[in-house]
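Single-structure report; data block below.
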Amino acid sequence: MSVAIPEHFLRFADLSPSWAEWMDRLPRLMSTVVAEWRLRIDGVVATGEGALVVPVLTEDGTKAAAKFGWPHPEAEHEHLALRAWAGDGVVQLLRADPRRSVLLLERADASRDLTRMPVLAACEIIAGFYERLHRPAIPQLDRLSEQAARWSEELTILRAGNLVPRRYVEQAIALARDFAADPATDGALVHTDLHYFNVLAADREPWLVIDPKPLSGDPAYEVAPVLWNRWEEAAATGNLRTAILDRLYAVVDRAGLDEDRARAWVVVREMVNVKEAVASMQRGQALDTDWATIATTITKAVQR
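Those letters in the sequence shown? Residues 108 to 411, per our numbering, in order.
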């Protein structure tokens, strides 16, 4: 049985040649995997920023989800992290074909995530998963310290423009350099993209985590995505700094994280977001100036 790929997802082919090449292969890949794994389509296709997820039934009638991911470095070790967690707070991995970037997962409810819950309550649920997820890192993972060292060099590109205040660029460069040399930067299995859209309602537990981009890293690195997601709600409060800090405190207090390290990682990650926006512009895409505005606002809010 063929699977219809949503039109908006097909447009992602414009992002890069590698996206276009993968998108060309995707219909045949989906049909092949469904046949090879003896799956039956069982619902409406869901999409994310880098994957297409098909509700399926396995040969024995188990409800599952087949995830077809765009092959890229952040997704390379997803199956290994899911295997290490073994369903403890996350969707279970039922089968994996990492060569083709295909996973068969326990099915969760893609229509119900934490965006429907009051934001601070959602922050506490997210932080409650940290202690379950942050176990010793498996050896195959990339190390956060290596990324921090690279960022300390790459962030210098922001010195040339006025997208963000120069003082925040210099702060992020210095912090990234310090983190690169800090032994505590590595060692924990971290999700790195744990936010409201990546926690879904489920049957086995009320909520389960999905879509890790795992690293060997620092638990305090996890916090930033809860600040920049659901941004419109923060802006609507009329007091952005308070709204941002309320989220930060909710997560840090619930998880028992080092607040200063969490603030420092937020600064680094926000400036990296701007750097990636600039890199996209250099590849011919439109510059997302909203990212720069959000990054500046959050970075300013978390200053001591």
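Just so you know, even glycine gets a beta-carbon here, dropped at the ideal spot from N, CA and C.
Would you mind reading off the limits of the alpha helix (DSSP H) that contains Ala-287? 273–287
Where DSSP assigns a beta bridge to Val-197, which residues make up the other side? Bridge partners of Val-197: Val-316.
Any heavy atom of the ligand ZN closer than 6 angstroms to the CB of Thr-396? The ligand ZN is not among the ligands present in this structure, which contains no ligands whatsoever.
Assign Asn-305 to one of two classes, buried (16 or more other C-beta atoms within 10 Å of its C-beta) or exposed (fewer than that). buried
Have a look at the DSSP bridge pairing and note the partners of Ser-107. The chain is shown only over 108 to 411; residue 107 falls outside these bounds and no answer can be derived.
Option nearest Val-271 by Cα separation, candidates Ala-331, Thr-139, Ala-402: Val-271 has its Cα closest to that of Ala-402, out of Ala-331, Thr-139, Ala-402.
By alpha-carbon positions, which one of Asp-367, Ala-369, Thr-396, Arg-274 ends up nearest to Val-381? Nearest of Asp-367, Ala-369, Thr-396, Arg-274 to Val-381, Cα basis: Thr-396.
Span of the alpha helix (DSSP H) around Ala-142: 124–143
Proximity to Leu-159 [Cα-Cα], best of Leu-117, Ala-142, Glu-128, Ser-125: Leu-117
State yes or no: is the C-beta of Leu-322 within less than 7 angstroms of the C-beta of Val-198? No, they are not a contact pair.
N-terminal and C-terminal residue of the beta strand (DSSP E) that Arg-219 is part of: 216–220
Assigned exposure category for Arg-370 - 16 Cβ within 10 Å defines buried: buried
Length of the line joining the Cα atoms of Leu-227 and Thr-139: Put simply, the backbone Cα of Leu-227 is about 43 angstroms away from that of Thr-139.
Same chain only: Cβ atoms within 6 angstroms of Ala-279, ignoring 5 sequence neighbours per side: The beta carbon of Ala-279 sits closer than 6 angstroms to those of Leu-262, Val-374, Val-375, Met-378, all from its chain and outside the five residues before and after it, given in chain order.
Under 7 angstroms between C-beta atoms, does His-298 make it to chain B? In summary, chain B is missing from the structure at hand, where a single protein chain is found.
On the three-state DSSP scale, how would you describe Pro-332? Helix, per DSSP.
Gly-345, buried or exposed, once every other Cβ within 10 Å from all chains shown has been counted against 16: exposed
Tell me, which residues are paired with Thr-154 by DSSP? Its beta-bridge partners are Leu-159.
Suppose the cutoff is 6 angstroms on Cβ atoms and the five residues either side in sequence are ignored; what does the same chain contact list for Trp-87 look like? Since the displayed the chain opens at 108 and closes at 411, residue 87 lies outside it and no answer follows.
Does Glu-213 come out as helix, strand or coil in the three-state DSSP assignment? Residue state, collapsed to three classes: strand.
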